[in-house]
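Novice: Everything in the sequence shown is counted per the working numbering, starting at 83 for the first residue and increasing by one.
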Amino acid sequence: MLITDDFLPVPVPESLSATYLVPVAGLPPVSPKTAVRGLAGRLADPVYGLATQMLDSPLMSVDTRSIDEFPQLPPDLLTAFGATEAQLGRLAAASHLVVVQAEYRPGWPPAHEWAARAVAAAVAESVGGDVVDVFGLQFLDPATALRSLPDAQGRIRLVDWVLVPYSSDTEGLWFTTKGLRRFGLLELQTQGVPDHLTRAWGAVLTGAARRLLRDWTDGLAGEEVPAFVQLPVLATVTGHDIAVAYGNPEQHGATAPVLLRLELDPATDPDADSFLSLRPPPGHPGPDGRYYAAACATLFSGIEPDVRYARSGDAMSRAVATARAGLDDIRARFLADGLPPEAQLVVKYGLPGDDGPEYVWAGVSSWDAPERIVGASASDANTDPAVRIGSPVEVAVTEVVDWAVLDGTGVIEGGWTQAVLDAGERPHPTH
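(1) Beta-carbon within less than 6 Å of Q271's beta-carbon, same chain only, minus the 5 sequence neighbours each way: which residues are those?
(2) Over the uninterrupted alpha helix (DSSP H) stretch that includes S208, give me the two end residues.
(3) Classify Y130 as helix, strand or coil using the three-state DSSP reduction.
(4) My understanding is that A214 touches P105, with C-beta atoms under 8 Å, so please give their C-beta distance in whole angstroms.
(5) Can you confirm whether the segment 312 to 319 touches the segment 278 to 296 when touching is taken to mean that 3 or more C-beta pairs between the two stretches lie within less than 8 Å?
(6) Could you tell me how far apart the beta carbons of P188 and L302 are, in whole angstroms, since I believe they sit closer than 8 Å?
(7) For the 8 Å Cβ check, are there 3 or more pairs between the segment 234 to 249 and the segment 170 to 184?
(8) Measuring alpha carbon to alpha carbon, tell me which of L488, L132, E207 and R413 ends up nearest E453.
(9) With DSSP as the reference, label G395 as helix, strand or coil.
(10) If I'm right that Y248 touches G284 with Cβ under 8 Å, what's the distance once you round it to whole angstroms?
(11) DSSP beta-bridge partners for F221?
(12) Between which two residues does the beta strand (DSSP E) harbouring F163 extend?
(13) By how many angstroms is the C-alpha of K115 removed from the C-alpha of G289?
(14) Determine the extent of the beta strand (DSSP E) in which Y186 is found, giving its start and end residues.
(15) Assign W498 to one of three DSSP states: helix, strand, or coil.
(16) Measure the C-alpha to C-alpha separation of W443 and A397 and round it to an integer number of angstroms.
(17) Could you have a look at V475 and say whether DSSP puts it in helix, strand or coil?
(18) Please classify L98 as buried or exposed, where buried requires at least 16 neighbouring CB atoms within 10 angstroms.
(19) Determine the direct distance from the alpha carbon of V205 to that of E195, and round the result to whole angstroms.
(20) One question on the structure: do D88 and V241 come within less than 7 Å of each other, judged by their Cβ atoms?
(21) In this structure, how does DSSP classify A451 when only helix, strand and coil are distinguished?
(22) Could you tell me which whole beta strand (DSSP E) segments of length 3 or greater appear in the segment 224 to 288?
(23) Quick check on DSSP: helix, strand or coil for P91?
(24) Identify every residue that forms a DSSP beta bridge with D355.
(25) Indicate the three-state DSSP secondary structure (helix, strand or coil) for P105 in the structure shown.
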């Protein structure tokens, strides 16, 4: 194996396994094979064939066991990863668990994950129950589990398979991925991320995971599983990587690539996980957090995708008033193709939330009716799970608090609320 300063050798596990649970009250009324046959015509052929073949092979096992044989699944962690009260209630009422396990070699496709999730979803659907993804400690309803599986072209949304949890430490936010080990790759981490980049850096890390996973599976494409795959020390991430990871490749224009340095961070505790750390490239001056902010500015066209603020009484309210006063003029210019070549119009608008509005950006694709804007979200929302990067949105003009014209360098006009934030005049957040 060639080792150079340009590549980082990452060890490859000998095999990979997937485990899914289906909590049931009593015994399942149908066999797993019968349940899977009910998916015929509803799953893409490659996945349906894979599930049926693995069910008939020693690579997969499906067993029904008394729930007392298993350690209790931690309800606090399940809740943290999205479990509802109804799902936790069905788990508490279950007498048995259907255990679906599969094993496969590292590489693409990840047959163990696709087949095991398909079989578990089929069983859960047959009993009107839920799927528990043991790796992610997540509940999945059968419809969600089935939607996460590949389409006829083998495409998936990486966000359905890889989570990006974060926590605070003394240096800022610590981000990790949770899901890349499904594919044999070490999880990613970034430390020292500024607090205001919570949503933005989660999207960047998801895009980086997509790019590195592609390099990883390319390195496993041969007939023999190698002992190591060499990943580039300088990884690149683009807006396209983020959009593809979220399943919306057509909704995101090209952006300049952002460079991130890959470092192996081996665990000192044998029971702990090793990580691949993402850091600024060599020679970057100043703190790491400054580079992460600049990277987000590049990847999100110079706008900050996660902004909450009080709307009255300070520089921010003056910025909102200035922006709203210019809405009629910017709409007229947009409709008359009066914006600079290659420029994009974006608007910031409010989404209702328990702790007050959340303000997010959207790219404008049409503005035919004066009172309503049609576009694509430029960020993920905390308050509305349907608002994701690249997802279509309709925005009431009464909810718009800012607008900006962007080119490849960032904001060239507008963006008054962003200017307040960049000047460090951020009001106290509402959450």
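The C-beta atom is built at its ideal place from N, Cα and C for all residues, glycine as well.
Specialist: Quick answer:
(1) T258, F357 and S359
(2) A193 to V209
(3) helix
(4) The question names Ala, but residue 214 in the sequence shown is Val. Contact holds; Cβ gap of about 7 Å.
(5) yes
(6) 5 Å
(7) no
(8) R413
(9) Caution is warranted here: a pLDDT of 47 is assigned to G395, below 50, making its placement in the model unreliable, and no coordinate value can be reported.
(10) 7 Å
(11) V214
(12) That residue, F163, is in no beta strand (DSSP E); it is neither H nor E in DSSP.
(13) 37 Å
(14) H178 to Y186
(15) helix
(16) 19 Å
(17) strand
(18) buried
(19) 15 Å
(20) no
(21) coil
(22) 248 to 251, 254 to 258 and 269 to 275
(23) strand
(24) None; D355 has no bridge partner.
(25) strand
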